[in-house]
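> Take this structure, written in structure tokens, and hold onto it; I'll ask about it next.
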Amino acid sequence: MSKTDLDTFRADTRVWLEENCPEEMRTPITGDTDVCWGGRNFEFSSDAQKVWLERMSAKGWTVPTWPTEYGGAGLTRVEEKVLLGEMRRIGARSPLTSFGIWMLGPALLKFGNDEQKAEHLPKIARGEIRWCQGYSEPNAGSDLAALATKAEDKGDHWIVNGQKVWTSYADKADWIFCLVRTDNTQGKHYGISFVLFDMETPGVEARPIKLISGRSPFCETFFEDVKVLKKNLVGEENKGWTIAKYLLTHEREGIGAGNSSMRPLHEIAAMSLGLDDADRLSDPMLRAKIAEAEIDEWAFGLTMSRKLAESKAGQSMGADSSMLKYYGTELNKRKFELMMDSAGHDGLEWESERSKDGKLARGWLRTKANSIEGGTSEIQLNIISKHILQLPGA
0 MSKTDLDTFR ADTRVWLEEN CPEEMRTPIT GDTDVCWGGR NFEFSSDAQK VWLERMSAKG
60 WTVPTWPTEY GGAGLTRVEE KVLLGEMRRI GARSPLTSFG IWMLGPALLK FGNDEQKAEH
120 LPKIARGEIR WCQGYSEPNA GSDLAALATK AEDKGDHWIV NGQKVWTSYA DKADWIFCLV
180 RTDNTQGKHY GISFVLFDME TPGVEARPIK LISGRSPFCE TFFEDVKVLK KNLVGEENKG
240 WTIAKYLLTH EREGIGAGNS SMRPLHEIAA MSLGLDDADR LSDPMLRAKI AEAEIDEWAF
300 GLTMSRKLAE SKAGQSMGAD SSMLKYYGTE LNKRKFELMM DSAGHDGLEW ESERSKDGKL
360 ARGWLRTKAN SIEGGTSEIQ LNIISKHILQ LPGA
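When you line the sequence shown up against numbering that gives the first Met the number 0, it's residues 0 to 393, in that order.
Printed below as a string of structure tokens:
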């Protein structure tokens, strides 16, 4: 694409966004209800949220680089960067947050057959189906390949029995992408298959797990004689570990990216502490820490952009996803620590209208899970030492 064509695309995108993004969707996300997850049972928090999703999905901009036949816009990565930049310019929220978009979708585009792509990808793009991830088990967390959920061959289908744990939003999801063991005679990394099935299938039960924050997206998920059709197998039988690893790189990128819609840290601190006569934060020590964190966040964002561009250009993300996940989660925890410092005693409020039911304190506690979910920080450091730094004995 020539510079002239790109300038035209930028101008057209700017006009379209100005005309179509509701004013209510141009404000920072302040709570869970501001996030649009989509799905069969999703309740929109406002008409504006619904309209924004409908307009963006009709344009193909919920998944801008996906092929048009699957609900995307077929944009190049350069055009996508322009689109995201124009959205940031007006403060537009993401129209749709979805495990289908940033985890399952890339895996289906790479490993799914034509029928699976046509069946599932357009519904993901339109926000019609909400997905959850069936990976971790009580005895298979960091050592995921030790999973024991069993799929018994019954001809044209399997009967699945077992349990998953830490299944994010399983109680709200419509479908699950799930790792099951289809062959026990091979090594633990073999005999694993990647399957899809509806969460309303008889025998599926999701039980929420309450965390220290008092709330949680996590669930225990139980499968008792669940029928899974073989047409819902992605890739080859017994070779699901390859897909599992590929998908994990996208999961770790997403966790590492954090919440880009959050109000800047210095603005949050200014609301709590106020400014001095020079329009600076009144606490000089905290001011320095926040400046350092925001510089690190900016540098990390540039690194994320570079790695994503390399990935879309066909370069394997590989172990770099572990680096992004580790640093991103540590940065997010650090940001919430600084927000708690800024809020002082008010940050400890747990249940009051003033604290919006302890939003800050609960969010701070929730960040502790960032270094566990998607593979613990210890596991990420092991991967970095072995595959990136190539340290002796790693």
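Cβ atoms here follow ideal geometry from the backbone N, Cα and C, with glycine treated the same way. As the structure is a computational prediction, the values presented were derived from the model and not from experiment.
If L237 and D182 are in contact, beta carbons under 8 Å, what's the gap, nearest whole angstrom?
The residue given as residue 237 occupies position 238 in the sequence shown. The residue given as residue 182 occupies position 183 in the sequence shown. It is worth fixing the name first, because residue 237 is Asn in this sequence and not Leu. At roughly 5 Å, the Cβ-Cβ gap stays under 8 Å, so N237 and D182 are in contact.
> Check whether the stretch 82–100 touches the stretch 35–52, taking contact to mean three or more Cβ pairs, one atom from each stretch, closer than 8 Å.
Yes, the stretch 82–100 is in contact with the stretch 35–52.
> Once the 5 residues before and after A417 are set aside, which same chain residues still bring their CB inside 7 Å of it?
For the chain, the structure presents residues 0 to 393; residue 417 sits outside this window and is missing.
> Nearest CA to the CA of Y245: which residue from M339, E204 and L103?
Looking up residue 245 in the sequence shown gives position 246. The shortest C-alpha separation from Y245 is found at L103.
> Taking the continuous beta strand (DSSP E) assigned at V34, which residues delimit it?
Numbered from its first residue, the sequence shown carries residue 34 at position 35. Premise fails: V34 is in no beta strand (DSSP E) and is neither H nor E.
> Between the Cα of V81 and those of M303, A10 and S310, spot the shortest distance and give me the residue it belongs to.
Taking the first residue of the sequence shown as 1, we reach residue 81 at position 82. Selected option, being the one with the closest Cα: A10.
> Excluding five sequence neighbours on each side, which residues of the same chain lie with their C-beta closer than 6 Å to the C-beta of L363?
Here residue 363 refers to the residue found at position 364 of the sequence shown. The amino acid at residue 363 is misidentified as Leu; the sequence shows Trp. So the list reads F335 and M339, once near-sequence residues are dropped.
> I need the straight-line Cα distance from L264 to A91, nearest angstrom please.
In the sequence shown, residue 264 corresponds to position 265, counting from 1. In the sequence shown, residue 91 corresponds to position 92, counting from 1. Their Cα atoms are separated by approximately 18 Å.
> How is the beta strand (DSSP E) around V227 delimited, first residue to last?
By 1-based counting over the sequence shown, the position of residue 227 is 228. Counting along the chain, the beta strand (DSSP E) containing V227 begins and ends at C218 to L228.
> Would you give the residue range spanned by the alpha helix (DSSP H) that Q185 belongs to?
On the sequence shown, position 186 is the one that residue 185 refers to. No alpha helix (DSSP H) contains Q185, which DSSP labels as neither H nor E.
> Tell me whether the beta-carbon of L232 lies closer than 8 Å to the beta-carbon of V203.
The residue given as residue 232 occupies position 233 in the sequence shown. The residue given as residue 203 occupies position 204 in the sequence shown. No, the pair does not count as a contact, with Cβ atoms beyond the cut-off.
> Can you tell me the Cα-Cα spacing of I448 and E18, whole angstroms?
Residue 448 lies beyond the residue range present for the chain, which begins at 0 and ends at 393; the question has no answer from this structure.
> Excluding the 5 residues flanking T148 on each side, which residues of the same chain have their C-beta closer than 8 Å to its C-beta?
Walking along the sequence shown from the start, residue 148 turns up at place 149. Correct list, in chain order: G133, E136, V159, N160, G161, Q162, K163, C177, L178, V179, R180 and F222.
> Got a sec? Which residues, its chain only, sit under 7 Å from M86 by beta carbon, not counting five neighbours each side?
Along the sequence shown, read from residue 1 onward, the residue named residue 86 stands at position 87. The residues are L16.
> If you run the structure through DSSP and keep just helix, strand and coil, what is S1?
Your numbering for residue 1 matches position 2 in the sequence shown. If DSSP states are grouped into helix, strand and coil, S1 belongs with coil.
> Going by DSSP, name the residue or residues bridged to D197.
As a first step, residue 197 is located in the sequence shown; it is residue number 198 there, counting from the start. W174.
> Is the number of C-beta pairs between the stretch 43–58 and the stretch 264–273 that are closer than 8 Å three or more?
Because the criterion of three Cβ pairs below 8 Å is not met, the stretch 43–58 and the stretch 264–273 do not touch.
> Please name the residue, chosen from G273, E53 and K226, that lies closest to T200 on a Cα-to-Cα basis.
Here residue 200 refers to the residue found at position 201 of the sequence shown. That would be K226, whose Cα lies nearest to the Cα of T200.
> Going straight from the alpha carbon of I100 to that of D276, what length do you get?
Sequence index remark: in the sequence shown, residue 100 carries index 101 (1-based). Sequence index remark: in the sequence shown, residue 276 carries index 277 (1-based). Taking the straight line from one Cα to the other gives about 46 Å.
> DSSP three-state call for R9: helix, strand or coil?
Counting from 1 along the sequence shown, the entry for residue 9 is found at position 10. Of the three classes helix, strand and coil, the one that applies to R9 here is helix, per DSSP.
> Please report the distance separating the alpha-carbon of T26 from that of V14.
Here residue 26 corresponds to residue number 27 of the sequence shown, with the count starting at 1. Here residue 14 corresponds to residue number 15 of the sequence shown, with the count starting at 1. One C-alpha to the other measures close to 19 Å.
> Express the C-alpha separation of P105 and G239 in angstroms, rounding to a whole number.
Taking the first residue of the sequence shown as position 1, residue 239 is located at position 240. Taking the first residue of the sequence shown as position 1, residue 105 is located at position 106. For G239 and P105, the distance between alpha carbons rounds to 15 Å.
> Helix, strand or coil for S192, going by three-state DSSP, please let me know.
Within the sequence shown, residue 192 is the residue found at index 193, counting from 1. Looking at S192 - three-state DSSP - the assignment turns out to be strand.
> Here's the rule I'm using: 16 or more other beta-carbon atoms within 10 Å means buried, otherwise exposed. How should D319 be labelled?
Position 320 of the sequence shown, counting from 1, holds the residue named residue 319. With 16 or more other Cβ atoms within 10 Å, it is buried.
> When you compare only the Cα positions, how much space is there between D6 and T302?
For the purposes of this step, residue 6 is taken as residue 7 along the sequence shown, with counting starting at 1. For the purposes of this step, residue 302 is taken as residue 303 along the sequence shown, with counting starting at 1. Each residue's Cα considered, the two are about 25 Å apart.
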